[in-house]
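Residues in the sequence shown are numbered consecutively from 1, following full-length UniProt numbering. Glycine included, C-beta positions come from ideal geometry on N, C-alpha and C. Please read all numbers here as calculations on a predicted model, not as lab measurements. One structure is given here, and the rest of the page talks about it.
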Amino acid sequence: MTVNYHEENYNCLFVECMEHVRALDCSKAFDKEEQLNSLNIIYEYVLEFFNNCDEKKKKIFCDFFSKNLLYPLNKWVNDEFDECRNLVLNIYMLLEQNLDNILLDIILFKNIEKDDNFIFNCINRLREDENQRIIEDKEEIRLKILQFLYKIVKRDKKKDKIMSSNLLNFYIYLKDILSSLSILIKDPFPLIKKLTCELLCELIFEKEQKELNHIYRKLLKNLLDSLNIRQQDIRELILKCLKKLMCYDTNREFLNNVSECLKKLCKNKSHNVLFEIVNCIKVWFLNIKDFNNNEKAKLTYIILMCINAHISPSFNEHCYNALEVIAKYTFNSSNKLNKILDDKDTCINNSENFKEPKKNEIIKSDKYEELEDSIHISRKKNSSNKRMNEDKIFEDCEGFINISKLFYIPAPFSRISINIHKFFCEIKKELFYEIMDNEKNSWSEGEKEFANIITMFLIFTYNDNFYFIKHILSFLYKSLTSFKYIDYPSTPLLINDLLELHQDNAVDTLEKYCYEYESFLFLRKFVNLIITCGYLMPLEIVIFEIAHLLLGDNIKNILINFYKFHNLSNEKVYCKNNPNNCKECKAETDAYFFTEDYIFLNINYHKYHQKNYEKKSIHERKDIIIEDHYNRNRELNKKNIAYQTDDQSEKIHNEPEQTEKKNENINKKEEKKNDVNNITENNKKKIFLFERINNDVYKLPEYFCDNENCTAIIYENKKIIFIILSQILAGFYLNDLSLSKLDDAYINFILFLINENINYENVDSFPYILLTLKYLINIMKNECKNYSNVLFHFLLILQSDNHFCSLSEINKLIETVQFYSDKQVVHFYNDEYIYFIKNLQNIIDFNDFKNFKYNIEFLNILLRNISDYIVMEYSSYLMEFLHVIITYELKPFIKSEFLLFINFFCSKNIFPNFFLANSQDILQNILLPLCIWKSGLGEAEIRKGSLLCIKSLFINKLFDIKIFQNNILIENLVCTLKSSIDDIWNNENRVISISIIGELVKHLNSNNILLDLLDNLLKLLDDSNISIRKYSAISLYSLFQNKYLSLSDEKCEHIFPILLLHMDDDYSKISEIIYHILMIAKNFNNKIFLKHAKDSTENSLHAKSFKEDLMK
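Have a look at this one:
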């Protein structure tokens, strides 16, 4: 009765559409257009029905639909006409919008076989046919099917899991839907791809089902292939899908592929995409239990890339928090694992959460032992140096806080999560390899990005990271070599100021240093990386690597050369804790030592100069001297060390005995290192820790470079290496801990590196050597008083570079050195001059122009700053050097440079007493011989230089008046000048010679010479060159002023017509000069003058005016 009642009800309600329902019966022959029209009418009727019905009618409709429409519509969803399929989907969309879960479940899932189910048919439409083409060829319909499925899944997620667990059980088709989605993810239509990913994200399949493993794998592979799509929102959805799928064991092998894809995505710098990448990695760390260190490193590197994208501070905070969660979880899991290992009562084989073979392989492997040994060594090293503690690494250093702007570290900046630190230390070798491997493969994509990443790596590990300095220095050198502004004049100034510059005043910075913004950021990031290395790493290790780059030799040979330079052949060590038992100390210590005999100390500065000048002067004997020294002291190479007490001195055992002892007991080696730390820390008796450092660093296995991929780098650009050294010292200086004082051994080693490179061949490195000295002086502070002489010597050399180095910065450092010492600046200059002038001839290479110019400039600086009495006291050395220009066969361009120096020396007029004493020698034996005429343009330049020197001597009155009593000298001088005046091919030399005559005639007392010169000058008034006429007139004026000049009447008859003629010169200045000459000359015989004046005729107005004045 009930069934009949419902049938009657819905027959009454739906009587209008029953005819159209019968038309859908595919078993009967109906016209296709008529069927399509019926479908359309049914859709309109259902739409109208739901707009006006109540809940009771909906139940009746559900019964009607299940009995009359369900099977026909499910068949029509596979119809060949897309309009039909589309209308069927529209009808089902109306059902989903208007029916509750119970009614919709009846229609979709109850009382119907799987093959006849609408959802199953839709899913099948999304599969591929035999030709690997999707069955549903219409994009619009594929999209509509996905939209319907998505709504069903969303309703399933929102339903009450307890009360409605059996409703809308979509997951009976999970395998089919996942299989279809794995195909649709490749769909070229972006909306379909997007909705596919959204549907995948909504599906709940948290527990891995082995029967679906092949589908999971296919899904993941196709998702990875789709990551290259342009739409960022779709990428974000794909990442959400990957986050879920990668947690399954079956996809574990795809981790490397996923990592590579994520690295590429990081370069696009989309906020939402990067945010999702970080979330993915965090989820994987929390769910995948068997990560090895290489895999941890790959994923951690991706997070560092995300931080380096500079999206926003809040995003960086999110990344940092993710790292902290990962680190905390990793160490909690590791602690549980260690607890299991330590528990003897626990059967490891029965533990489901632990895989014994994998762990045991790591523990028993050589690499694990090497790693443990390395960690032990580095821990010991850092504890001995006490550079920092775990809780506060950076203290309150304001300068270093600027670097923190590159990435997020929670305030205060002095604290970093200890979990992050431990996590980074655990994977530091693998992570560093990952960074450098990606840098090598991404060379063209921006080195500055890797500079930031390495900086983050160093700060998050912040100790035990000195292993990597060799590779970091190599990376820095390669990157800075390609920097286009590396030779820019403002680059040293910018590097000097970078720590004080903030990002908000970048525009002002660019204007001040004339930099492009990208180049400014590039340099800033690399300088920050170098400073970070200097701040965090033991300086003694870093400077050894830099020494290797600078000097191009292995560390051992560099140190041997260092010992030889200091003449350290018999090292003495004073035991701090046990001074009376030197025998015991001797047997327990194995290292290189230094004593108070450092050659750079003020007390040994004379030895430094002797060594330095010997090295520069005797090139042929240099190797012989070093060889003798090496043969005499070859015990140094065998590490034989002498120990001395107050009462006795003993020799250590020979090398074979030492080697045998080392092989007997490994622990003694560590004890020896401990004893090294017990050596006295007296500043003049410091131990050099090379042996220990060498064991720690240079004997480590090579993790980061294989022979196939690594290429040797030739470090030719020392300028870049000094940039690195200067900023390493800047980082060390910023570490203002009380124990950051630099040992004397390392002070001397740095000074040694500077001394080896501060020469004319590396003049372009001078600005960065200046920066190196600046930070070294700031680090040394009061220690400067013991090294003030050599520091001043280096600063003095830097003054010779007037193109790159800032003189104001040099003067500031000189003032600082003077402040710490008890010596006035002038005394520094005086001492340097004495050392230099005594050895000058041996130092200068007269065949090398650059060498000559460099040393001449150095002498110039000294002469401008020394005391007069020092010049006089050592004048013989200076005169001996000046005679070199005559006694040596110098090349013409070197002679010209030499004469420029002499002229500069004369023109400054700073040492008149020296010239008064030596002017005759300089004039007669140096300058006049160089004025002799010889063919060639080079010789003409030499004559010009010597004439300029003579001119400066006379203009500045740097001569003894007694030279004019030397008739031979004067006659030679006059002859030389007359010869130069006749050189019509070189007007410059003629003008200079005429100018010299103008100065010479002021002091001559020989009337014959004066008359001779008068005739020559009168002839020059006829010259066509205006300058010749002008200077001849000036010289004539000086000549007529000489009181020793006497003119006979005959001479007057000769000269007055000539002078009157030239007073009518077109050039009014020359006419005026001759007018003044005639005013003096007419006094010799006014009658003769008037006679010739009346007869002369003038054309120019100025000449007529002058004549009127003369006739008065």
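- Between C533 and I728, the beta carbon gap of about 6 Å places them in contact (Cβ cut-off 8 Å).
- In the same chain as S270, and ignoring 5 residues on each side of it, the C-beta atoms closer than 6 Å to its own belong to Q232, in chain order.
- Residue burial is scored here from C-beta neighbours: E716 has fewer than 16 other C-beta atoms within 10 angstroms and is therefore classed as exposed.
- S788 is a Cβ neighbour of V817, given a cutoff of 9 Å.
- Between F1106 and E1072, the alpha-carbon positions lie close to 8 Å from each other.
- Between P492 and L770, the gap from beta carbon to beta carbon is short of 9 Å.
- Y301 sits away from K328, with the two beta carbons spaced by 9 Å or more.
- In the assembly as shown, Y477 is a buried residue. Its beta-carbon has 16 or more other beta-carbons within 10 Å.
- Going by DSSP, V790 is part of the alpha helix (DSSP H) stretching over C784 to L798.
- In the three-state reduction of the DSSP assignment, I910 falls in the coil class.
- With at least 16 other beta carbons inside 10 angstroms of its own, E545 counts as buried.
- A buried status is given to I152, since no fewer than 16 other beta-carbon atoms sit within 10 Å of its beta-carbon.
- With a contact defined as Cβ atoms closer than 8 Å, N604 and N786 miss out at about 10 Å.
- A direct Cα-to-Cα measurement between L224 and S182 gives close to 11 Å.
- Judged by beta-carbon spacing, Y820 lies within the 9 Å limit of E783, meaning their Cβ atoms are closer than that value.
- In the displayed model, I134 falls within a strand according to three-state DSSP.
- The three-state secondary structure of E540, taken from DSSP, is helix.
- By the neighbour-count criterion, in which 16 or more other beta carbons inside 10 Å mark a residue as buried, E44 falls on the exposed side.
- Following the DSSP letters along the chain, one finds Y433 inside the alpha helix (DSSP H) bounded by residues K428 to N441.
- Between the region 1062-1078 and the region 1091-1104, the count of Cβ pairs shorter than 8 Å is three or higher; the stretches touch.
- With at least 16 other beta carbons inside 10 angstroms of its own, C122 counts as buried.
- By the Cβ test, the region 865-878 is not in contact with the region 923-938, since fewer than three Cβ pairs between them sit closer than 8 Å.
- For S259 and I797, the gap between their C-alpha atoms comes out near 54 Å.
- Taking P929 as the centre and dropping the five residues before and after it, the same chain places the C-beta of I886 closer than 7 Å to its C-beta, in chain order.
- By the neighbour-count criterion, in which 16 or more other beta carbons inside 10 Å mark a residue as buried, G936 falls on the exposed side.
- When beta bridges are read from the DSSP output, E128 appears opposite I134.
- The closest CA to that of R230, considering only L1004, D597 and N268, is found on N268.
- Assigned with DSSP and collapsed to three states, G534 falls in helix.
- Scanning the region 948-976 from its first residue to its last, no whole beta strand (DSSP E) run of 3-plus residues comes out.
- Per DSSP, the unbroken alpha helix (DSSP H) holding Q97 starts and ends at D82 to N98.
- Following the DSSP letters along the chain, one finds K194 inside the alpha helix (DSSP H) bounded by residues P190 to E202.
- In the three-state scheme derived from DSSP, where H, G and I count as helix and E and B as strand, V871 is classed as helix.
- With contacts defined by Cβ atoms closer than 9 Å, L69 and I41 do not form a contacting pair.
- Here I779 is not near Y854, since their CB atoms are 9 Å or more apart.
- Annotated as proximal: N757 and K718, with beta-carbon spacing under 9 Å.
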